[in-house]
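*Asks:* What follows is a single structure, and I will ask about it in a moment.
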Amino acid sequence: MVARVNVADLRALDRLQLLVTRRLDGLLHGDYLGLLPGAGSEPGEAREYRAGDDVRRMDWPVTARTTVPHVRTTVADRELETWLAVDLSPSLDFGTVGMLKRDLAEGAVAAFAYLAGRGGNRIGAVVTEGGPAKAIPPRPGRGGARSLLRTVTSLPRGEGTSDLADLIDTTRRHARRRGLAIVISDFLEDEDNPSDWPRELRRLAVRQQVLCVEVLDPAELALPDVGVLDLMDPETGATVEVQTGNARFRARYAEAAAEQRARIAAGIRTGGATHLRLSTGSDWLRDIATFVAERRHLAAYR
C-alpha cells in the first residue's frame, strides 16, 4: 500500500521513493535502453537484414563487403527530456482494495520519474486537479524527480471534471524537445461532454514517444455482491443507489465497463501511444518493471 503523500509528511514521500528505488532496482537489470521502444539516434552495430526491417537503415558498406544485406541498428538516446501529464481530478479519489486510484497515480509518477531521471535526464510535468493544468518546469536527475514528486503530491485537491484533451495539449506545448511523454490518468470523462483526447494524443506523438498509463480499481470492472450501495460521482456530486445483489445488474455493469475500457484502449491506439494498465488491486511496481523489461527486449531487436 502507498500512503497518501503531501508536503507536510516528507517521511511518507521518502518511504514511497525508497519503495520505488528498491523494488525497481531489484526487478530491472542491465543498461539503460529507454522506457519505450524507439529508433534512437546513436549509431549501433550492424546486423543481417531480417524481414520487416526498415530499408532506410541498410548499411551499404557492410552489405557490399559481406555480400549479405545488413542494417545499421541504433540505440536509444541517453539524454532525454521527459514530461509527465498527470490527471489527479476527483474521479481518482476512489479505491476499494487498500489504496485510492490517486495514490496509484502518484506512485506511477514516482516510478517513472525515477526511471526517466537516471543519467541526468530532465523531467517536467503538467498536472490537473480538475481545473486548469499547471506546468512544473523540467529539472535534471534524481533531485529533479524528487522535487517534481513533492510538488505533485502537495497540490490541493480540486473540484469538478477534468479536461483530458486540454491536459495533453498543454503538455505538447511545453514539450518542445523530442523525448518521452507519459500520460497518467483513469481516462474517465463526462460521457455527455467528451473531449477529443485521442486527437491531442496524435499531435503529441508527432514529436514524442508517448506512453499512456491507465489507472483503475477492480470495482470499476466488476461490482461485488454486497447488497445496496450508495454511489457518488466525485466530480459532479451526483448520487445513485444500486442493488449489487442483482446478478443481472452486475452482468450489465461488467459488460458496460468492458465496453468503456475497450473505447479507452482504442482511443490510445488511435493516438499512436503505448498503453500500460495499472490496477489498485495488483502489484503495480512489478507491472511497471515487466512493462519496461519487455520494451527493452523489443528495443534490442529493432
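So for the sequence shown, full-length UniProt numbering puts the first residue at 1; every next one is plus one. Cβ coordinates follow ideal geometry from the N, Cα and C atoms, glycine included. This structure is a prediction, so every number in the text was calculated from the model and none was measured.
1. Would the beta-carbon of Leu276 fall within 7 Å of that of Trp284?
2. So the candidates are Leu231, Thr96, Leu88; which of them puts its Cα closest to the Cα of Ala108?
3. How would you write the range of the alpha helix (DSSP H) that Ala181 sits in, first residue to last?
4. Alpha carbons only, please: which of Ala254, Glu129, Gly130, Ile123 is nearest the one belonging to Ile136?
5. Could you work out which residue in Pro140, Pro138, Leu100, Leu155 is closest to Gly131 when comparing CA atoms only?
6. Indicate the three-state DSSP secondary structure (helix, strand or coil) for Asp230 in the structure shown.
7. Taking the alpha-carbon positions, what's the Gly95 to Ala175 distance?
8. What is the DSSP secondary structure of Ser89, counted as helix, strand or coil?
9. For Met232, count the other beta carbons within 10 Å of its own beta carbon; 16 or more makes it buried, fewer makes it exposed. Which is it?
10. Is the Cβ-Cβ distance between Ala222 and Leu167 less than 7 Å?
11. How would you label Thr66, buried or exposed, when you count the other beta carbons within 10 angstroms and need 16 or more for buried?
12. How do the region 266–273 and the region 197–212 stand: do at least 3 beta-carbon pairs fall below 8 Å, yes or no?
13. Could you please give me the residues that DSSP links to Gly124 through a beta bridge?
14. Starting from Ala247, follow the alpha helix (DSSP H) in both directions and report where the run begins and ends.
15. How is Glu220 classed by DSSP in three states: helix, strand or coil?
16. Let's see if you can read the secondary structure: which residues bound the alpha helix (DSSP H) around Ser154?
*Replies:* By the coordinates alone:
1. no
2. Nearest option by C-alpha distance: Leu88.
3. Run containing Ala181: none in the alpha helix (DSSP H); it sits in the beta strand (DSSP E), 179–185.
4. Comparing Cα positions, the closest option is Ile123.
5. Leu155
6. strand
7. 32 Å
8. Annotated three-state conformation of Ser89 is coil, per DSSP.
9. exposed
10. no
11. exposed
12. By the C-beta criterion, the region 266–273 is judged to be in contact with the region 197–212, since at least 3 inter-stretch pairs fall below 8 Å.
13. Trp83
14. 247–270
15. helix
16. From DSSP, the alpha helix (DSSP H) with Ser154 extends over 141–154.
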